[in-house]
Amino acid sequence: MLRVIQSFTKIQITAAAASRGFATTAGPAKTKTADSSRGAKPGRKEVKSKAAKQKKTAKAAAKKPAKKTAKKPAKELSPLKKMLMSKRPLVDVPKSPPSNGYAYFIKDQYKAMASSGGKDSIAEFSRKMSLKWKQLGEPEHTKYVSIAKTGLAQHEKDLLQWWKTVDHRKVDLENMRRRRINREIRDKIKAGEPTKLSKLQMLKDPHQPKMPASKYLMFSQEKLAGQSPDPSLPLTERAVAIARMWRSMSQSEKAPYSEAYSVELAAYKDAMTKYRNSIAAGR
685 MLRVIQSFTK IQITAAAASR GFATTAGPAK TKTADSSRGA KPGRKEVKSK
735 AAKQKKTAKA AAKKPAKKTA KKPAKELSPL KKMLMSKRPL VDVPKSPPSN
785 GYAYFIKDQY KAMASSGGKD SIAEFSRKMS LKWKQLGEPE HTKYVSIAKT
835 GLAQHEKDLL QWWKTVDHRK VDLENMRRRR INREIRDKIK AGEPTKLSKL
885 QMLKDPHQPK MPASKYLMFS QEKLAGQSPD PSLPLTERAV AIARMWRSMS
935 QSEKAPYSEA YSVELAAYKD AMTKYRNSIA AGR
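Heads up, the sequence shown is in this note's numbering, so the first residue is 685 and it goes up one at a time.
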């Protein structure tokens, strides 16, 4: 009898729910599945485990060394560029000797001090040598001056011989290298950067013919050698007066200087042709 009442009650509940638009299913209570739990909030244990995992991954990433990026290989310089960027000179120029007798005197005195075991400082040694040079007798003084003159004369001979045998193509490259160094020094000076380097002089062949003086230079040299303008005036004032005179001259008055310049220019071109031919033939 109880079972009949229970079944009857269920039928009534089902009918009432169907009339209101609700779907009912018979059977045991629903169990939580994976699909029904997706939208559910995570528990405290799950949150802690996620935080621990994040910490572990962060520590592992910190321990891993950064990947080394491969360096790009430096561009290989051409042989010409290597020579121009060289710090050493491309030609061995004969070194110039001391230009005065005092340098030879210092050299001899330093050798004497070294052989006797002297240990003076540079400042003290320089002070003593300066005083000793002033007290030096005339014969000794003349001896060192003559040694210096002989050394310079011999150097000029050696330099002329060197220019006859040197490869002029290397000399041109050396001058290009020196121009590059001088540009770097000039740029550093303009930028206010300190530099210990000093500008290098260009190598000039003493055998090479020299360009003739210009028309104006011929005129100015003539006037400076004469009495016009006033020789008692300072050189700068005389130069200004000569320039004013040149500007006021007519073309007919400048013609003699133009003709003299043309003659010297033609002679210079002939001499340069012979000079280049001698270099090409190896002198």
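Glycine included, every Cβ here is placed at the ideal spot set by N, Cα and C. Quantities reported herein were computed from a predicted structural model and do not represent experimental measurements.
Taking its Cβ as the centre, do 16 or more other Cβ atoms sit within 10 Å of Ile-831, making it buried, or is it exposed? buried
What is the C-beta distance between Ala-898 and Tyr-952, in whole angstroms, given that I count them as a contact (C-beta under 8 Å)? The sequence given here has Ser at residue 898, not Ala. Ser-898 to Tyr-952, Cβ: 12 Å. No contact.
Can you tell me the Cα-Cα spacing of Ala-955 and Lys-812, whole angstroms? 53 Å
Do the CB positions of Pro-913 and Ala-925 come within less than 7 Å of each other? yes
DSSP state of Gly-785 mapped onto helix, strand, coil: helix
For Ser-912, name the three-state secondary structure that DSSP assigns. coil
What span of residues does the alpha helix (DSSP H) with Lys-827 cover, start to end? 822 to 849
Exposure of Arg-861, with buried meaning 16 or more beta-carbon neighbours within 10 Å: buried
Top-ranked residue by Cα proximity to Leu-836, from Lys-779, Glu-948 and Leu-917: Lys-779
Exposed unless 16 or more other CB atoms sit within 10 angstroms - verdict on Pro-906: The amino acid at residue 906 is misidentified as Pro; the sequence shows Glu. It is exposed - the Cβ of Glu-906 has fewer than 16 other Cβ atoms within 10 Å.
Coil, strand or helix - Pro-940 by DSSP: helix
Can you list, in chain order, the residues of its chain with a C-beta nearer than 7 Å to that of Arg-864? Leave out the 5 residues immediately preceding and following it. Leu-768
Report all residues from its chain with a CB closer than 8 Å to the CB of Asn-784; omit the five preceding and five following residues, and keep chain order. Val-829 and Ala-832
Is it the case that the Cβ atoms of Ile-869 and Leu-881 are separated by a distance below 7 Å? yes
Whole angstroms are fine: how far does the CA of Ser-770 sit from the CA of Leu-761? 11 Å
Within the continuous alpha helix (DSSP H) that includes Asp-804, where are the two ends? Careful: Asp-804 lies outside any alpha helix (DSSP H) and carries neither H nor E.
Straight-line Cα distance separating Asn-961 from Glu-943: 28 Å
Go ahead and pull the three-state DSSP assignment for Thr-879. coil
In or out: Asp-719 buried (at least 16 other Cβ within 10 Å) or exposed? Confidence at Asp-719 is low in this model, with a pLDDT of 47, below 50, so the placement of that residue should be treated as unreliable; the coordinate-derived value is given next. The residue in question, Asp-719, is exposed, as its Cβ has fewer than 16 Cβ neighbours within 10 Å.
Whether Leu-774 touches Glu-858 by CB criterion (7 Å): yes
Spatial neighbours of Gln-793 within its chain, please: C-beta separation below 6 Å, excluding the five flanking residues on both sides. Met-813
Distance check for Thr-826 and Met-895, CA to CA, integer angstroms please. 39 Å
What is the DSSP secondary structure of Ala-713, counted as helix, strand or coil? At Ala-713, the pLDDT of 47 sits below 50, so the modelled position is not reliable; the number obtained from the coordinates is stated separately. It is coil, neither helix nor strand.
Hey, quick one: how far does the alpha helix (DSSP H) through Ala-925 stretch, first residue to last? 919 to 932
With DSSP run on the structure shown, which of helix, strand or coil describes Leu-884? coil
Can you tell me which of the three DSSP states Pro-773 falls into? coil
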